[in-house]
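**Student:** I have a structure I would like to understand better, so I am pasting it below and will then ask my questions one at a time.
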Amino acid sequence: LENAISLESIEVYATTSLRPPCIHCGGAKTRIKSSFTRRLNHTRQGNRLMVLFIRSRKFLCLLCKKYFNLRIPGVLPRKRSTESFRQEVYEKHHGGISQQFLSRTHGIGAATVERWYQDFTLYRVKELQGRPAPRVLGIDEHFFTRKDGFATTFCDLTKHKIYDVILGRSEKSLEKPLALVSEKSRTRLAVIDLSENYRQIIKKHFPNALIVADRFHVIRLINHHFLKAWQLMDSTGRKNRGLLSLMRRHERNLKTDQRSKLQSYLANYPTLLELYDIKQRLCILLGINTKKKFLLRVMIREFLSIINQLKETGMDSIRTLGETLDKWKEEIARMIRFSNSNGITEGFHTKMEMISRRAFGFRNFENYRRRVLAHCGWDGVFAIRN
258 LENAISLESI
268 EVYATTSLRP
278 PCIHCGGAKT
288 RIKSSFTRRL
298 NHTRQGNRLM
308 VLFIRSRKFL
318 CLLCKKYFNL
328 RIPGVLPRKR
338 STESFRQEVY
348 EKHHGGISQQ
358 FLSRTHGIGA
368 ATVERWYQDF
378 TLYRVKELQG
388 RPAPRVLGID
398 EHFFTRKDGF
408 ATTFCDLTKH
418 KIYDVILGRS
428 EKSLEKPLAL
438 VSEKSRTRLA
448 VIDLSENYRQ
458 IIKKHFPNAL
468 IVADRFHVIR
478 LINHHFLKAW
488 QLMDSTGRKN
498 RGLLSLMRRH
508 ERNLKTDQRS
518 KLQSYLANYP
528 TLLELYDIKQ
538 RLCILLGINT
548 KKKFLLRVMI
558 REFLSIINQL
568 KETGMDSIRT
578 LGETLDKWKE
588 EIARMIRFSN
598 SNGITEGFHT
608 KMEMISRRAF
618 GFRNFENYRR
628 RVLAHCGWDG
638 VFAIRN
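In my numbering, the protein residues as written are 258 to 643.
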């Protein structure tokens, strides 16, 4: 360190005394060819920017006859700012501070802020490449754009991080990206909605994974078919918003006056009352989570009995519900044993929507994917690049 001057910015003057080996051949025999001064933006101290003026040297290797400049730790070649300064700008912009504000406080252009942000975002995504498949995987779809349609989200439900986002939801569009995933045999559990396409994808690419149906989608399916049957029995009562609210709730959440009001209405429709009781039994059953074997046997036996009752009814919507539950009975039965759901994935979908809104939308899916992985998939810290 030679000198430090404090004006509008803090200027630090230093010189280097190292004589490194040749970066080309590794030879130790070098001589100084010339010297020059590098001006580097380093960091902010309070409201002032620290600027480094480093007297560096250019060397000639006496073995390979090639020239090279001294490498300064924490500064990439041909950069006029240290990596700590660039990372500071990235973290502030990543946290929501605008480019215009950062250009005033850090003495750089708005285009430079954007370029550095894209650079570190790409660096984060590259650091995430080659990760093994998660042990507990959540798969769900979300809307991207009207032109490109839907995208599929792969979520690590153990670490609460986004594993990847792939454009499309068909087996053909997911085939190539999933073929690149490493250690797929380590995935033990996969949570999906009632999508036959996702079920076939898991069986093909994650052979050791047990498929668990997402509890929210199953309950929503039950309510949908029940309300459809109610529409056929009493279309006028189905349009009553008060009755609709009571029908959708769990019976245990009803107050005394609400329960009496609902029972008085159902007394006029014996078939609807029977369907309501079956729906409540089914929702209570699927809401329980246990690992005790004797309870699991009893509950699964009850679940299969309810499915048979639904399949034997004369109403098309209820019979369709029974056939769907029978088709997915193994995946739905595992809901009782495992407590995993796609609630974490749905929460990330909300965050991804905010990312898209903050960027005023994305036309390029790869840019959208990088931004999502940088915000929702990164779980490490940056190492200073040299």
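Think of the CB as a built atom: it goes at the ideal place given N, C-alpha and C, for glycine as much as any other residue.
For Asp-413, name the three-state secondary structure that DSSP assigns.
**Tutor:** Sequence index remark: in the sequence shown, residue 413 carries index 156 (1-based). Three-state result, Asp-413: strand.
**Student:** Within a Cβ cutoff of 8 Å, which residues of the same chain sit near Leu-630, ignoring the five residues on either side of it in sequence?
**Tutor:** As a working note, residue 630 is residue 373 in the sequence shown. Answer for Leu-630: Arg-381, Val-382, Leu-385, Ile-419, Asp-421, Val-422, listed in chain order.
**Student:** Could you pull out every unbroken alpha helix (DSSP H) segment of at least 4 residues lying fully inside the stretch 610-638, listed in chain order?
**Tutor:** The qualifying runs are 622-633.
**Student:** Using 8 Å as the threshold, is the C-beta distance between Thr-581 and Leu-437 below it?
**Tutor:** For the purposes of this step, residue 581 is taken as residue 324 along the sequence shown, with counting starting at 1. For the purposes of this step, residue 437 is taken as residue 180 along the sequence shown, with counting starting at 1. No.
**Student:** Over the uninterrupted beta strand (DSSP E) stretch that includes His-399, give me the two end residues.
**Tutor:** Translated into positions along the sequence shown, residue 399 becomes position 142. Here the beta strand (DSSP E) through His-399 covers 393-402.
**Student:** For my contact list, His-481 and Leu-451 are in at a C-beta cut-off of 8 Å; report their separation, rounded to the angstrom.
**Tutor:** As a first step, residue 481 must be located in the sequence shown, where it is residue number 224. As a first step, residue 451 must be located in the sequence shown, where it is residue number 194. Not quite, the Cβ-Cβ distance comes to about 11 Å (not below 8 Å), so this is no contact.
**Student:** Which two residues bound the contiguous alpha helix (DSSP H) that contains Asp-376?
**Tutor:** Walking along the sequence shown from the start, residue 376 turns up at place 119. Here the alpha helix (DSSP H) through Asp-376 covers 367-385.
**Student:** Our contact map puts Val-269 next to Leu-306 with C-beta atoms below 8 Å; I'd like the distance itself, whole angstroms only.
**Tutor:** As a first step, residue 269 is located in the sequence shown; it is residue number 12 there, counting from the start. As a first step, residue 306 is located in the sequence shown; it is residue number 49 there, counting from the start. Actually they do not touch by this definition, with Cβ atoms about 11 Å apart.
**Student:** Alpha carbon to alpha carbon, how far is Ala-367 from Asp-376? Give it in angstroms, no decimals.
**Tutor:** In the sequence shown, counting from the first residue as 1, residue 376 sits at position 119. In the sequence shown, counting from the first residue as 1, residue 367 sits at position 110. Taking the straight line from one Cα to the other gives about 14 Å.
**Student:** Does the distance from the C-beta atom of Glu-315 to that of Lys-336 stay below 8 Å?
**Tutor:** Translated into the one-based positions of the sequence shown, residue 315 becomes position 58. Translated into the one-based positions of the sequence shown, residue 336 becomes position 79. The question names Glu, but residue 315 is Lys in the sequence shown. Not in contact: Lys-315 and Lys-336 (Cβ atoms no closer than 8 Å).
**Student:** Just to confirm the assignment, what range does the beta strand (DSSP E) spanning Asp-405 have?
**Tutor:** For this step, residue 405 is matched to residue 148 along the sequence shown. From DSSP, Asp-405 is part of no beta strand (DSSP E); its letter is neither H nor E.
**Student:** When you compare each of Phe-595, Ile-612, Ile-535, Val-346 to Gly-579 by their alpha carbons, which one comes out closest?
**Tutor:** Position 322 of the sequence shown holds residue 579. Gly-579 has its Cα closest to that of Ile-535, out of Phe-595, Ile-612, Ile-535, Val-346.
**Student:** Pick helix, strand or coil for His-507, following the three-state DSSP scheme.
**Tutor:** On the sequence shown, residue 507 is found 250 positions in, with the first residue counted as 1. If DSSP states are grouped into helix, strand and coil, His-507 belongs with coil.
**Student:** So that I know if they touch, is there some Cβ in chain D lying closer than 8 Å to that of Ser-360?
**Tutor:** Going by chain labels, chain D is absent from the structure shown, which holds only one protein chain.
**Student:** Pop quiz: His-399 and Phe-407 are said to be a contact at Cβ under 8 Å. What is the actual Cβ separation, rounded to whole angstroms?
**Tutor:** To locate residue 399, count along the sequence shown from 1; it is residue 142. To locate residue 407, count along the sequence shown from 1; it is residue 150. Right, the Cβ-Cβ distance comes to about 7 Å (below 8 Å), so this counts as a contact.
**Student:** List in chain order: all unbroken beta strand (DSSP E) runs of 3+ residues lying wholly within the stretch 450-527.
**Tutor:** List check, beta strand (DSSP E) in window: 467-470.
**Student:** What does the Cβ neighbour count give for Ile-459, buried or exposed, with the cut at 16 atoms within 10 Å?
**Tutor:** Within the sequence shown, residue 459 is the residue found at index 202, counting from 1. Buried: at least 16 other Cβ atoms inside 10 Å.
**Student:** Is DSSP giving Leu-315 helix, strand or coil here?
**Tutor:** In the sequence shown, residue 315 corresponds to position 58, counting from 1. For the sequence presented, residue 315 should be read as Lys rather than Leu. Lys-315: strand per DSSP, three-state reduction.
**Student:** How would you label Ser-338, buried or exposed, when you count the other beta carbons within 10 angstroms and need 16 or more for buried?
**Tutor:** Residue mapping note: residue 338 aligns to position 81 of the sequence shown, counting from 1. The residue in question, Ser-338, is buried, as its Cβ has 16 or more Cβ neighbours within 10 Å.
**Student:** Would you identify the three-state DSSP class for Val-555, choosing helix, strand or coil?
**Tutor:** Within the sequence shown, residue 555 is the residue found at index 298, counting from 1. DSSP places Val-555 in helix when its eight states are reduced to three.
**Student:** What does Phe-605 pair with, by DSSP beta-bridge criteria?
**Tutor:** Within the sequence shown, the letter at position 348 stands for residue 605. Answer by DSSP bridge pairing: none, since Phe-605 is not bridged.
**Student:** For Gly-647, which option in Tyr-374, Gly-352, Arg-312, Val-346 has the closest C-alpha, if you only look at C-alpha atoms?
**Tutor:** Nothing in the structure corresponds to residue 647, since the chain is present only between 258 and 643.
**Student:** Closest to Ile-644 by CA distance: which of Asp-413, Glu-603, Tyr-324, Leu-552 is it?
**Tutor:** Any question about residue 644 goes unanswered here, given that the chain covers just 258 to 643.
**Student:** Got a sec? Which residues, its chain only, sit under 6 Å from Trp-635 by beta carbon, not counting five neighbours each side?
**Tutor:** The residue you call residue 635 lines up with position 378 of the sequence shown. Excluding sequence neighbours, Trp-635 sits near Arg-381.
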